[in-house]
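Visitor: Handing you this structure, nothing more for now.
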Amino acid sequence: MGGMAISAAAELAPEHVARLVYVCAFLPRNGESLLDLMKRQPPTIRPAVLSGPRPGTTVLDAAAALPLLAQDASPAAQMVLAAAIGPQPNRPQTDRIALTPGNFGRLPRAYVLCEEDRTITPALQRDMIAASPCDAVLSLPAGHFPQLSQPDRLARLLADLATL
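When we follow the numbering used here, the leftmost residue of the sequence shown carries the number 242, and every step to the right adds one.
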């Protein structure tokens, strides 16, 4: 959901954003929700989504989600991720985002496409990039959490993007 969050933050306060960097993240267009974007690909993570402990929340079944989220991470990194999985509110997934050309649209964007992502498929990542072009697109042979599986390589890519 990080891509939705940074897009919304950029819309609200573009003067505080130098560049948006999406790392295998949802890249919405005006009026889209996270669920709208998810429906544009086969059901990947949806079977691992369970009703949360409180109304209006969901939670991931860690055993079902880890092979999709972090198949390329070490067992130790997978344990860290499993421990961090908790309830998430539904509204950030279902609410449609409002983005304008004058705020979000004027900011430079970069995308790190993760070629082995089983959560946001590479095909969907490419479709989102085509619909909302980015100034730079870099690829990484990684799953959904390259910060766990390839932190040094991801850090180098991010450092390269910072110099653009």
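A virtual CB, placed ideally from N, CA and C, is assigned to each residue, including glycine.
Have a look at Pro330 and Ala314 and give me their C-alpha separation to the nearest angstrom.
Guide: For the purposes of this step, residue 330 is identified with residue 89 of the sequence shown, where counting begins at 1. For the purposes of this step, residue 314 is identified with residue 73 of the sequence shown, where counting begins at 1. So the alpha carbons of these two residues sit roughly 26 angstroms apart.
Visitor: Is Ser390 helix, strand or coil when you go by DSSP?
Guide: Taking the first residue of the sequence shown as 1, we reach residue 390 at position 149. Three-state DSSP puts Ser390 in a helix.
Visitor: Between Pro349 and Asp376, what straight-line distance do the alpha-carbon atoms span, to the nearest angstrom?
Guide: Here the question's residue 349 lines up with position 108 in the sequence shown. Here the question's residue 376 lines up with position 135 in the sequence shown. Computed Cα separation, rounded: 6 angstroms.
Visitor: His257: buried (16+ other C-beta within 10 angstroms of its C-beta) or exposed?
Guide: Residue mapping note: residue 257 aligns to position 16 of the sequence shown, counting from 1. So His257 counts as exposed.
Visitor: Quick one, which of Pro288, Gly243 and Gly297 has its alpha-carbon nearest Pro308's?
Guide: Mapped onto the sequence shown, residue 308 falls at position 67. Looking at the Cα atoms, Pro288 is the closest of the given residues.
Visitor: If I measure Cβ to Cβ from Asp368 and keep anything under 7 angstroms in the same chain, skipping five residues before and after, which residues do I get?
Guide: Here residue 368 refers to the residue found at position 127 of the sequence shown. These residues qualify, in order along the chain: Arg281.
Visitor: For Thr341, count neighbouring Cβ atoms within 10 angstroms of its own Cβ and tell me buried if that reaches 16, exposed if not.
Guide: To locate residue 341, count along the sequence shown from 1; it is residue 100. Flag for Thr341 reads exposed.
Visitor: Are the Cβ atoms of Ile247 and Tyr263 separated by less than 9 angstroms?
Guide: Taking the first residue of the sequence shown as position 1, residue 247 is located at position 6. Taking the first residue of the sequence shown as position 1, residue 263 is located at position 22. For Ile247 and Tyr263, yes; Cβs fall inside 9 angstroms.
Visitor: How many angstroms separate the CA atom of Ile319 from the CA atom of Gly384?
Guide: Translated into positions along the sequence shown, residue 319 becomes position 78. Translated into positions along the sequence shown, residue 384 becomes position 143. One point to set straight first is that residue 319 is Gln, not Ile, in the sequence displayed. Gln319 and Gly384: Cα-Cα distance of roughly 12 angstroms.
Visitor: What residue range does the beta strand (DSSP E) around Thr298 cover?
Guide: In the sequence shown, the residue the question calls residue 298 occupies position 57. Thr298 to Leu301 is the extent of the beta strand (DSSP E) around Thr298.
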